[in-house]
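Enquirer: In the UniProt record's numbering, the protein residues as written are 1 to 820.
All C-beta atoms, glycine included, are put in the ideal place defined by N, C-alpha and C.
Questions regarding the structure given below will be posed in turn.
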């Protein structure tokens, strides 16, 4: 039984999810908006701050083309356009990052605010901004002026969720853009949630069994030595009071669907291209919702032209094309943060922590929380040598009276030039310059791919600690400096490649650094099947834009074939047959039917496939059959922690299905006999048919994966905006459509929210799509008009040649002119 201290420890740490939720936040709490809050698409508008006239045209989905005679005016206009499209999103993202949501939403947001003040992203953002060049700071200042021009003009006509919140919006500061960047970066700390979940699971199953539940690729050793760090620690008795930390983290999680740890990008070299020129494709994943995180924009100025995916609040293109170079990104799954257990003691009003046998005073900073409708609250936040104590997020008098606390260490970004590097990347005129810029991106862990017409390249970005001991997979004893960081890995060691002989490069959040590699990149990788399917398709024949689209929409899983190999293996086929024969008579027929159909399944997870539905039901039922007896009930913190980790990285289920015959979890602790793998698999096969009968009826040929698996677009209030729409695929397909394993529903949780393809062999190489709409304002015609094209595989062209602008953007324009 998990101790009360950790019962509420966040099973699905949600900073990443919250970031994406607020990126997907809508102004749609109230749906009867006036269109007064929308920036007009045509006419003439005087704006103070512009030097010369600027033209803004929109394509059929409202994506803007900004044409300007200076980059200064283009950035100013980008700020104005971003605010016009996404001001609700921008304001709430900033408040989340600042830990000030309670000023807008009241006391319900206070726990979230405590957490975010504890993490102190402002410090990170300040370091990033101070380290930026004077040129870059100027860009951010001009962009902020554009945002503020919108806020001034529309101060009495804001979207309803802001207008009716009686919250006075502050003007945008240049540093606010760095703050949003820091929030996004912090949300990519994929192993943070796993570390917290491991404490929950360690209490339940002990440190000996814990390694079997953690993300370990097939044929890799279990992290038993890593789990030994937690041996002998009475976590339950020593972490008293920390359950409220979980509630603060859960408040963040509840803003969104869990999990945002995926994306795919690949580049095809000239030798594999049908037209002899490079290709690049990128899709960036996020929880399904309205609107998408991403906002497409195109800029044309005398010394700058580019089109790509931006995030409102940041004058940065994260993926795009500038006429010469294309670039895209996926998460590197980098583990560049660690949780440290700290031994604590109180002496009077002071807090001390143990460090190598000495009690050192924790540093303290005071924070004031302004809460809508209440008096301000002043609280102390403590830090150890490793970083802020998450205990500080409790906000209770006994918050730091526990003998054990959790400190969070993140990289030091002093001197970091990441913000400059992204701008340099968008201006690179060849792959060599793109490579130079990508190596300077340190503040965020990415697989960055780039290409020009004749070359392709890949660079892992980020800042990765050198740990003296341990892997960082589980929390480390903070009182023992053996586990401390010792600088960071040399950037020259970061994995990279250029123009490989195989003729293509691609990443899909798989392991990219083998064991024994010269630096420690991560221990947490997503399922390898997407990258394996990518390799299968990229290396077969010549490629063009049409084949790139087919790859982005591919719904074949390679895990099904691995499952068949396991079922038919010499050591499994006969024992499984015997285990099925030992089942109750009614279940024997079900298990035989399920096995026969799975052995014939081609792995195509189309929405109309009956066998695809059986395959997914088998995965869900086997999860319960293998693990629920020891980790249940399903409402427990243990089970939620386990399922959350299964969604975050390569799952223990997949690992057990393909191997781990000696795992202690095969035995069902609820029965007197000892079960083995064949026995549990036999049960799972029968249960899959039973589950399908109850969900889809007794006519097994009429089953369809899409009857269980739906796209459902909801706004931030949980209201359904679109759907349900039948979906295919799952978390292992290139066209990702993940769902919560062993959850209450198969509804899609994670999708490719943005897709982009650049084919250098075409007259106009770039095309892209957004999964929802350009605007976060429900009164806009571009609120959800991207959903149908996204479902149908329709892309919009982003032309670079002015003579082709009219075809995509038309001739209707909004002219912004200098005002007084």
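In terms of alpha-carbon separation, which member of 737, 611, 758 and 544 lies closest to residue 750?
Expert: On the chain shown, position 750 is the one that residue 750 refers to. Of the candidates 737, 611, 758 and 544, the one whose C-alpha sits nearest the C-alpha of residue 750 is 737.
Enquirer: Tell me which residues share the same chain as residue 33 and place their Cβ nearer than 7 Å to its Cβ, disregarding the 5 neighbours each side in the sequence.
Expert: The residue labelled residue 33 in the question sits at position 33 within the chain shown. Confidence at residue 33 is low in this model, with a pLDDT of 44, below 50, so the placement of that residue should be treated as unreliable; the coordinate-derived value is given next. Counting only Cβ-Cβ distances below 7 Å, and skipping sequence neighbours, we find 159, 160, 777, 778 and 779.
Enquirer: Just to confirm, is the Cβ distance from residue 877 to residue 341 under 9 Å?
Expert: Given that the chain is displayed from residue 1 to residue 820, the structure contains no residue 877 and the question cannot be resolved.
Enquirer: Taking Cβ positions, are residue 811 and residue 53 nearer each other than 9 Å?
Expert: Position 811 of the chain shown, counted from the start, is the residue given in the question as residue 811. Position 53 of the chain shown, counted from the start, is the residue given in the question as residue 53. No. Outside cutoff.
Enquirer: Counting pairs of beta carbons, one from the segment 477-497 and one from the segment 615-627, are three or more of them closer than 8 Å?
Expert: no
Enquirer: Between the beta-carbon of residue 426 and the beta-carbon of residue 306, is there less than 9 Å?
Expert: Counting from one through the chain shown, the residue named residue 426 turns up at place 426. Counting from one through the chain shown, the residue named residue 306 turns up at place 306. The Cβ atoms of residue 426 and residue 306 lie closer than 9 Å to each other.
Enquirer: Enumerate in chain order the residues of its own chain whose CB-to-CB distance from residue 106 is below 7 Å, with the five nearest sequence positions on each side excluded.
Expert: One-based indexing of the chain shown puts residue 106 at position 106. The answer, listed in chain order, is 371, 372 and 373.
Enquirer: Cα separation between residue 258 and residue 746?
Expert: What you label residue 258 is simply residue 258 of the chain shown in a count that begins at 1. What you label residue 746 is simply residue 746 of the chain shown in a count that begins at 1. Unreliable positioning characterises residue 258 in this predicted model, as indicated by a pLDDT of 31, which lies under 50. A coordinate reading is not provided.
Enquirer: Report yes if the C-beta distance between residue 475 and residue 229 is below 9 Å; otherwise report no.
Expert: Translated into positions along the chain shown, residue 475 becomes position 475. Translated into positions along the chain shown, residue 229 becomes position 229. The answer is yes: Cβ separation under 9 Å.
Enquirer: Using 9 Å as the threshold, is the C-beta distance between residue 200 and residue 408 below it?
Expert: Within the chain shown, numbered from 1, the residue matching residue 200 stands at position 200. Within the chain shown, numbered from 1, the residue matching residue 408 stands at position 408. Cβ distance not < 9 Å, so residue 200 and residue 408 don't count as in contact.
Enquirer: Is the separation between the beta-carbon of residue 152 and that of residue 316 shorter than 9 Å?
Expert: Translated into positions along the chain shown, residue 152 becomes position 152. Translated into positions along the chain shown, residue 316 becomes position 316. The answer is no: Cβ separation not under 9 Å.
Enquirer: Could you give the DSSP three-state label for residue 574: helix, strand or coil?
Expert: Sequence index remark: in the chain shown, residue 574 carries index 574 (1-based). Looking at residue 574 - three-state DSSP - the assignment turns out to be helix.
Enquirer: From 555, 795 and 64, pick the residue whose C-alpha is nearest to that of residue 300; which is it?
Expert: In the chain shown, counting from the first residue as 1, residue 300 sits at position 300. Of 555, 795 and 64, the residue nearest in Cα terms is 64.
Enquirer: Using beta-carbon positions only, say whether residue 351 and residue 364 come within less than 9 Å of one another.
Expert: The residue labelled residue 351 in the question sits at position 351 within the chain shown. The residue labelled residue 364 in the question sits at position 364 within the chain shown. Yes. Within cutoff.
Enquirer: Does any residue of chain C have a CB that is nearer than 9 Å to the CB of residue 649?
Expert: Structure shown: chain C not included; a single protein chain is present.
Enquirer: Is the beta carbon of residue 149 closer than 9 Å to that of residue 882?
Expert: A question about residue 882 goes unanswered here, because the residues of the chain that appear run from 1 up to 820.
Enquirer: With H, G and I counted as helix, E and B as strand and the rest as coil, what does DSSP make of residue 803?
Expert: Mapped onto the chain shown, residue 803 falls at position 803. Residue 803: helix per DSSP, three-state reduction.
Enquirer: Report the CB separation of residue 275 from residue 761 in whole angstroms; it is logged as a contact under 8 Å.
Expert: Within the chain shown, the letter at position 275 stands for residue 275. Within the chain shown, the letter at position 761 stands for residue 761. That belief holds up - the Cβ atoms of residue 275 and residue 761 are roughly 3 Å apart, short of 8 Å.
Enquirer: Cβ atoms of residue 657 and residue 404: under 9 Å apart, would you say?
Expert: Translated into positions along the chain shown, residue 404 becomes position 404. Translated into positions along the chain shown, residue 657 becomes position 657. Taking 9 Å as the Cβ cut-off, residue 404 and residue 657 do not qualify as a contacting pair.
Enquirer: Under a Cβ-count criterion, where at least 16 other Cβ atoms within 10 Å of its own Cβ denotes burial, should residue 603 be classed as buried or exposed?
Expert: In the chain shown, counting from the first residue as 1, residue 603 sits at position 603. Residue 603 should be labelled buried.
Enquirer: With the cut-off set at 9 Å, would you say residue 714 and residue 289 are in Cβ contact?
Expert: Mapped onto the chain shown, residue 714 falls at position 714. Mapped onto the chain shown, residue 289 falls at position 289. Cβ distance < 9 Å, so residue 714 and residue 289 count as in contact.
Enquirer: I need the boundaries of the alpha helix (DSSP H) containing residue 639, first residue and last residue.
Expert: Within the chain shown, residue 639 is the residue found at index 639, counting from 1. Element bounds for residue 639: 637-648.
Enquirer: Using only CA atoms, which one of 416, 346, 177 and 109 lies nearest to residue 128?
Expert: For the purposes of this step, residue 128 is taken as residue 128 along the chain shown, with counting starting at 1. It is 416.
Enquirer: Starting from residue 487, follow the beta strand (DSSP E) in both directions and report where the run begins and ends.
Expert: Residue mapping note: residue 487 aligns to position 487 of the chain shown, counting from 1. It spans 485-488 - the beta strand (DSSP E) in which residue 487 sits, taken as one unbroken run.
Enquirer: Three or more C-beta pairs closer than 8 Å, one from the segment 324-331 and one from the segment 432-445: is that the case here?
Expert: The segment 432-445 and the segment 324-331 touch, with three or more beta-carbon pairs separated by less than 8 Å.
Enquirer: Would a C-beta distance cut-off of 9 Å place residue 154 and residue 76 closer than the cut-off?
Expert: As a first step, residue 154 must be located in the chain shown, where it is residue number 154. As a first step, residue 76 must be located in the chain shown, where it is residue number 76. The answer is no: Cβ separation not under 9 Å.
Enquirer: Can you tell me the Cα-Cα spacing of residue 172 and residue 147, whole angstroms?
Expert: Against the chain shown, residue 172 aligns to sequence position 172. Against the chain shown, residue 147 aligns to sequence position 147. Spanning the two alpha carbons is a distance of roughly 6 Å.
Enquirer: Taking only runs of the alpha helix (DSSP H) that begin and end inside the segment 19-102, which ones reach a length of at least 4 residues, in chain order?
Expert: 71-98
Enquirer: Less than 9 Å between the C-beta atoms of residue 479 and residue 356, yes or no?
Expert: Within the chain shown, residue 479 is the residue found at index 479, counting from 1. Within the chain shown, residue 356 is the residue found at index 356, counting from 1. Cβ distance < 9 Å, so residue 479 and residue 356 count as in contact.
Enquirer: Determine the closest residue to residue 696 out of 687, 551 and 707, with distance taken between C-alpha atoms.
Expert: As a position in the chain shown, residue 696 is number 696, starting the count at 1. Looking at the Cα atoms, 707 is the closest of the given residues.
Enquirer: Which of the three DSSP states, helix, strand or coil, is assigned to residue 288?
Expert: As a working note, residue 288 is residue 288 in the chain shown. Residue 288: coil per DSSP, three-state reduction.
Enquirer: Let me know if residue 291 comes out buried or exposed under the rule of 16 or more other beta-carbons within 10 Å of its beta-carbon.
Expert: For the purposes of this step, residue 291 is taken as the residue at position 291 of the chain shown. It counts as buried.
Enquirer: Residues bridged to residue 352 by DSSP?
Expert: Translated into positions along the chain shown, residue 352 becomes position 352. In DSSP, residue 352 forms a bridge with 345 and 361.
Enquirer: Rounding to the nearest angstrom, what Cα-Cα distance links residue 30 and residue 168 in this structure?
Expert: In the chain shown, counting from the first residue as 1, residue 30 sits at position 30. In the chain shown, counting from the first residue as 1, residue 168 sits at position 168. Summary for residue 30: the model assigns pLDDT 37, below 50, so the residue's position carries little reliability; its value from the coordinates is reported in the next sentence. Computed Cα separation, rounded: 19 Å.
Enquirer: Going straight from the alpha carbon of residue 590 to that of residue 689, what length do you get?
Expert: Here residue 590 refers to the residue found at position 590 when the chain shown is read from its first residue. Here residue 689 refers to the residue found at position 689 when the chain shown is read from its first residue. So the alpha carbons of these two residues sit roughly 6 Å apart.
Enquirer: Kindly indicate which three-state DSSP category residue 793 falls into: helix, strand or coil?
Expert: One-based indexing of the chain shown puts residue 793 at position 793. Coil at residue 793, not helix or strand.
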